[in-house]
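Each protein sequence line maps, in turn, to chains A and B.
Residue numbering for the first sequence follows this note's numbering, starting at 1 and increasing by one per position.
Residue numbering for the second sequence follows this note's numbering, starting at 538 and increasing by one per position.
2 protein chains.
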Amino acid sequence: MTTTINTTTINTSITGDFLIGGAARTGEGDAIEAIDPSSGETLGPTFHYATTKDVQDATRLADEAFDTYRRTTSEARALFLESIADNIDALGDELIDRASAESGLSRVRLQGERGRTTGQLRLFASVLREGSWNGARIDPAQPDRKPAPRSDIRLRNIPLGPVVVFSASNFPLAFSVAGGDTASALAAGCPVIVKAHDAHLGTSELVGRAVSAAVVEHGLPSGVFSLIYGLGQTIGVELVTDPVVAAVGFTGSRGGGLALCRAAAGRDVPIPVYAEMSSINPVFLLPGALRESASELGAAFAASLTMGSGQFCTNPGLVFAVVGAELSEFLSAASTAIGLSTGAAMLTPGIAAAYASGQQALREHADVDSVATGQPGSCVFQGLPELLVTDAENFLADPSLHAEVFGATSLVVRCNDLDQLLGAVKGLEGQLTATVHAVPGDHASAEVLVEQLERTAGRILFNGWPTGVEVGHAMVHGGPFPATSDSRTTSVGSLAIDRFLRPVSYQDVPDALLPSAIADGNPEHIWRRVDGTLTQD
Amino acid sequence: MTTTINTTTINTSITGDFLIGGAARTGEGDAIEAIDPSSGETLGPTFHYATTKDVQDATRLADEAFDTYRRTTSEARALFLESIADNIDALGDELIDRASAESGLSRVRLQGERGRTTGQLRLFASVLREGSWNGARIDPAQPDRKPAPRSDIRLRNIPLGPVVVFSASNFPLAFSVAGGDTASALAAGCPVIVKAHDAHLGTSELVGRAVSAAVVEHGLPSGVFSLIYGLGQTIGVELVTDPVVAAVGFTGSRGGGLALCRAAAGRDVPIPVYAEMSSINPVFLLPGALRESASELGAAFAASLTMGSGQFCTNPGLVFAVVGAELSEFLSAASTAIGLSTGAAMLTPGIAAAYASGQQALREHADVDSVATGQPGSCVFQGLPELLVTDAENFLADPSLHAEVFGATSLVVRCNDLDQLLGAVKGLEGQLTATVHAVPGDHASAEVLVEQLERTAGRILFNGWPTGVEVGHAMVHGGPFPATSDSRTTSVGSLAIDRFLRPVSYQDVPDALLPSAIADGNPEHIWRRVDGTLTQD
């Protein structure tokens, strides 16, 4: 099957090839097949892992492409990103069907995720056109300054260099081949090499072909984009330790992320790794809120917990509340909903097995009681939602109760009183999100809580649920270790472009040689900081 | 002796004590004395290194201070920084005398450096008042959005936590106790623990007391500032690996910086280290510029090289030019100036010894010729300026010729032709600066050069010399590894505040609980990005 986009034709057959600088290549590494986790059946064709030679070719092409690509205009890169989005849209149902088969996620969910993915690409196009990403600053010369004249000094951001992106298992589109990391790195002017996730190989190939077609359409150097299949421990580490690679984006397990961080830190020239790893996303039910709507909160919590088989980085895996009748009511409503829920497909057999194992460890913990479990469904590789409870003393004393169980399992921590609840934050590791349920009568406690949560989480939300991460300008999808390896950034939203940039100063550089972002007369009409003051002049 | 500042009296006697949360404490570690490198004599009193207990007390106090300090207003921190500057000014000649005696640097230089130091503190006060440091962003709620409403999401930056600053040897004031790292970290809202440099212990105590007095004047928690003496390998590593510490600033040797990076990466919770380490600051003399003013360039180069005994991170340690009569003329002029120069005091006996050793290794290198040496002066621990030459083939083939020799030694690399000169950049490690001398006729070559230098250096300058780093908004004092451990930042200029901040999102947080930087109505009257658009409304 072929899809025609403008004048370019994308071959949308899934061949099992990966893409080195846009050229399809059949791997010579181990064979691997995609699996439908609902049916347990394999999905053709056979894919093959890449070899060291493939990695070297991809990085060499990325290096060769870098100088040309980084000097494209903001407008040129914006149009390129928009073409990628258009090409993904043009894949139509074939993409949705394949992604659904490979992931066990519903078509509706994947249609939404596709919109999020193309929306991200278009958001970064707007970021490029707005121009603040340049970080332009000009300190004009002061030839008459005493005791010494001041030079003309200007600053702008440039891209770091080729970026390796590791796809996530749980978002086959939005955190994968053309997901947030790829979009922000390409926007910054960095060539991208994606290490696809084994959980959605065919989806990756389809999207990879859409990206490669856009590279061709815009006449960009072929090395701007490559797509590779392989194991993180081998091909992944080879990519991260290649001297050409300048930065890494990763979404996945704590073990995987830390291994890449170690590999990057051990290089002759260390590079930044932006790894999003582990978060249990605590929810704090303050007494007033619980008193007002314990049942509604319980039902809404269960809905957030079980959505998408709980396979979200922001899944609410931990709930704190003060023991009492209201908490019992909350637990009762949540248990009812969870008891009525049905086990749904998990993304891969491996994820289903890890979930079952983590769930079992919690359930069998001497200080933990299981209060509700979902009903088995028809999928072969499924996860059953589960709700468990423990007491705050036990929770705070045992770090094993703080481990992420990736899936629809959550632990409710019963606190003796409000002080214990508020104090529990200090016992938590870094988190992507922290949620507070509070009514105005709770605000004095909430204020104390927020102050502590700022030091713990990347995003604090009130009276909602942490699943669902808006793509916008004010979003932080990040947070202190181990939620991420670098709390200074976000992987979602327009601020993510900063990950892949660094500042350079130009002192007394002749105007003819200055980049347009900091040239005289502001030819790009962007916001610039002149002598410390923001201006568009 | 005492100096009265407003209502506070700073005890400016140098006692040999360090300061744990403002309280003077006599160390129980090894004894150490300051040395006048000009005379070789020790300067009283005796100082003592800190112990593990001192480190623990300082970090505990910093941790306790953090929440209170970070919630001070921008204006409160601006006034605090200005008081530190005032207190340093009030130390008057005693500070200059002591710093000159300990460092061998001239009084005039140190008066200038004091102005730079207090100027930095006042610059960050203005940065705080301007408010963009908050990084405020607001994506207003869209309750009617389809298919799902959008929450109200806001973002602001918060400080990382307690910061450890390692003083530099070569700037007793501007890169030391109240130098750039301390100023930017305190501005960001981070408590600071300074590990003083052994090269200027008394100076450190005087400035530390000035900072501590300001802490008291402003009623801040005592743990906002501590000052400690000790060895980097022991006390330094203990500080960096303390769980309370959230970030590190360092200016010094490559070995020292890398050791701290390793220590930080090996923590249970890794933290960022901003280490400025090693740079040889290449200078490229393009043919037209050399033709027009070879002699003037040679004399100006020698002046930049020998200033301050060459003890600058931005010292021009490497010069590239095409072989020929003009280069001979440049070398002749530079050699004459260097031959007439006199060896001046180096900062410490250890630095003088390391300089002599590096100088000797270069001089004795089979492929290097020494063409000029300065005259011995009267100082006991001095360094003699030296100019050496080699050919490009030799330079590119031998990494030992790329090593920094900290002091007034520079290597001129003779290139066969312009292509070889332009190609040499790719053989260089990361640099703080790169300098191009060019006339309009050189601009075609300069354009090629600049494109490569952007990937190599933090600052590119034309027709000047890299020594002298302006403190402003557009300065980058940073650059790719090994110039620094993190090319994404600068250690000089207002952008440095970003090192110590991280973003946090607030979703549907009630206005009463929102930080003022992102509250409704913009009570701080700062620039904010609302739905992606910068506004002061």
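Heads up, the beta-carbon is just placed ideally off N, CA and C, and yes, glycines get one too.
Contact with chain B by residue i, beta-carbon distance below 7 Å
i	result
Gly223(A)	no
Pro159(A)	no
Val319(A)	no
Thr2(A)	Any reading at Thr2(A) is ruled out, since the residue's pLDDT is 48, under 50, leaving its predicted position unreliable.
Ile5(A)	The pLDDT assigned to Ile5(A) is 45, lower than 50, so where the model puts this residue is not dependable; a value taken from the coordinates is nonetheless given after this. So no, Ile5(A) is outside the interface.
Glu539(A)	The first residue shown for chain A is 1 and the last is 537, placing residue 539(A) beyond what the model contains.
Gly230(A)	no
Val509(A)	yes
Gly100(A)	Note that residue 100(A) is Ser in the sequence shown here, rather than Gly. With 7 Å as the cut-off, Ser100(A) does not count as an interface residue toward chain B.
Leu61(A)	no
Ser487(A)	yes
Neighbouring residues, chain B, relative to residue i (Cβ below 7 Å)
i	result
Tyr506(A)	Ile997
Proximal chain A residues relative to residue i, where beta-carbon distance stays under 8 Å
i	result
Thr781(B)	The residue asked about is misnamed: residue 781(B) is Val in this sequence, not Thr. Near Val781(B) there are no residues of chain A at all, since even the closest Cβ is about 12 Å away, more than 8 Å.
Asp676(B)	Glu470, Gly472, His473, Ala474 and Met475
Phe1018(B)	Val269 and Pro270
Arg562(B)	The contacting residues do not exist; Arg562(B) stays about 28 Å from chain A at best.
C-beta neighbour in chain A for residue i, strict 7 Å
i	result
Gly789(B)	no
Phe838(B)	no
Arg1039(B)	yes
Trp1002(B)	no
Gly1069(B)	yes
Glu991(B)	yes
Any chain C beta carbon closer than 7 Å to residue i
i	result
Ala424(A)	No chain C appears in the structure shown, which is made up of the protein chains A and B.
Closer than 7 Å at the beta carbon, the chain A residues around residue i
i	result
Leu1050(B)	His443, Ala446, Glu447 and Val450
Ala802(B)	Ala265
Arg1066(B)	His473
Glu1061(B)	Simply none; closest approach about 15 Å.
Residue i: contacting residues in chain A (beta-carbon distance under 9 Å)
i	result
Trp670(B)	Chain A residues near Trp670(B): none, gap ~12 Å exceeds 9 Å.
Leu1032(B)	Gly135, Arg137, Leu155 and Pro503
Glu650(B)	Neighbours of Glu650(B) on chain A: none; closest Cβ ~13 Å, over 9 Å.
Arg841(B)	One point to set straight first is that residue 841(B) is Ser, not Arg, in the sequence displayed. Going along chain A, no residue has its Cβ under 9 Å from Ser841(B), so there is no contact; the nearest lies around 13 Å.
Under 9 Å by beta carbon: chain B residues contacting residue i
i	result
Thr490(A)	Leu692, Pro1040 and Ser1042
Arg566(A)	Lying outside 1 to 537, the shown extent of chain A, residue 566(A) is not represented and no answer is given.
Within chain B, the residues that residue i reaches when beta carbons sit closer than 8 Å
i	result
Ser126(A)	Gly1069
Next item on the list: Take every Cβ of the segment 155-172 of chain A, pair it with every Cβ of the segment 242-254 of chain A, and state whether three or more of those distances are shorter than 8 Å.
Entry: When Cβ pairs closer than 8 Å are counted between the two stretches, the segment 155-172 of chain A is seen to touch the segment 242-254 of chain A, the count reaching three or more.
Check: Along the chain, which unbroken stretches of the beta strand (DSSP E) at least 3 residues long are found entirely within the segment 694-748 of chain B?
Finding: Complete beta strand (DSSP E) runs here, min 3: 700-703 and 729-732.
Check: Can you find at least 3 beta carbon pairs, one from the segment 719-735 of chain B and one from the segment 1041-1048 of chain B, that sit closer than 8 Å?
Finding: No, they do not touch.
Check: Given a limit of 8 Å on CB to CB distance, which residues of the segment 154-188 of chain A reach chain B?
Finding: Answer in chain order: Arg154, Leu155, Ile158, Leu160 and Gly161.
Next item on the list: Please specify which runs of the alpha helix (DSSP H), each continuous and at least 4 residues long, are wholly inside the segment 405-475 of chain A, giving them in chain order.
Entry: The segment 405-475 of chain A is shown to contain whole alpha helix (DSSP H) runs of 4 or more residues at 418-424 and 443-454, in chain order.
Item checked: Any 3 or more C-beta pairs closer than 8 Å across the segment 167-175 of chain A and the segment 209-221 of chain A -> Result no; under three Cβ-Cβ pairs closer than 8 Å.
Margin query: Using a Cβ distance threshold of 8 Å, determine whether the segment 1011-1029 of chain B contacts the segment 802-820 of chain B, with at least three qualifying pairs required.
Written below: A contact exists between the segment 1011-1029 of chain B and the segment 802-820 of chain B.
Item checked: Cβ contact check for the segment 711-722 of chain B and the segment 686-695 of chain B: 3 or more pairs under 8 Å -> In the pairwise beta carbon analysis, the segment 711-722 of chain B is classified as not touching the segment 686-695 of chain B: fewer than three pairs are separated by under 8 Å.
Next item on the list: Go through the segment 875-955 of chain B residue by residue and report every complete run of the alpha helix (DSSP H) that reaches 4 residues or more, in order.
Entry: As for any alpha helix (DSSP H) of minimum length 4 sitting wholly inside the segment 875-955 of chain B, the runs are 886-900 and 929-934, ordered along the chain.
Check: Taking one C-beta from the segment 316-329 of chain A and one from the segment 421-431 of chain A each time, how about it: are there three or more such pairs within less than 8 Å?
Finding: Output reads yes: the segment 421-431 of chain A touches the segment 316-329 of chain A.
Margin query: Any contact between the segment 602-617 of chain B and the segment 883-897 of chain B? By contact I mean 3 or more CB pairs, one from each, below 8 Å.
Written below: As far as the Cβ criterion goes, the segment 602-617 of chain B does not touch the segment 883-897 of chain B, which means the pair count is below three.
Item checked: Given 8 Å, three or more beta-carbon pairs between the segment 987-1004 of chain B and the segment 968-976 of chain B -> They touch, by the three-pair rule.
Checklist line | 3-residue-minimum beta strand (DSSP E) runs that sit fully inside the segment 1030-1055 of chain B, ordered along the chain | finding: Segments of the beta strand (DSSP E) lying fully in the segment 1030-1055 of chain B: 1038-1044.
Margin query: Would you call the segment 757-777 of chain B in contact with the segment 591-602 of chain B, where contact means no fewer than 3 C-beta pairs closer than 8 Å?
Written below: They touch, by the three-pair rule.
Note to self: Along the segment 39-73 of chain A, where does the CB come closer than 7 Å to a CB of chain B? Name the residues.
What the structure shows: From the segment 39-73 of chain A, only Asp67 have a Cβ closer than 7 Å to chain B.
Note to self: Closer than 8 Å is the cut-off here; do at least three beta carbon pairs connect the segment 127-138 of chain A with the segment 521-534 of chain A?
What the structure shows: Short answer: they touch.
Item checked: Contact between the segment 736-750 of chain B and the segment 1048-1056 of chain B (3+ Cβ pairs under 8 Å) -> As far as the Cβ criterion goes, the segment 736-750 of chain B does not touch the segment 1048-1056 of chain B, which means the pair count is below three.
Notebook entry, point to check: Which residue spans inside the segment 555-592 of chain B form an unbroken beta strand (DSSP E) run of at least 3?
Noted result: Segments of the beta strand (DSSP E) lying fully in the segment 555-592 of chain B: 555-557, 560-562, 568-572 and 579-585.
Item checked: Sequence ranges, alpha helix (DSSP H) only - wholly within the segment 115-146 of chain A, length at least 4 -> The alpha helix (DSSP H) runs of length 4 or more contained entirely in the segment 115-146 of chain A do not exist; there are none.
Item checked: Chain-ordered residues of the segment 368-387 of chain A with a beta carbon less than 8 Å from chain B -> Those would be none; no residue qualifies.
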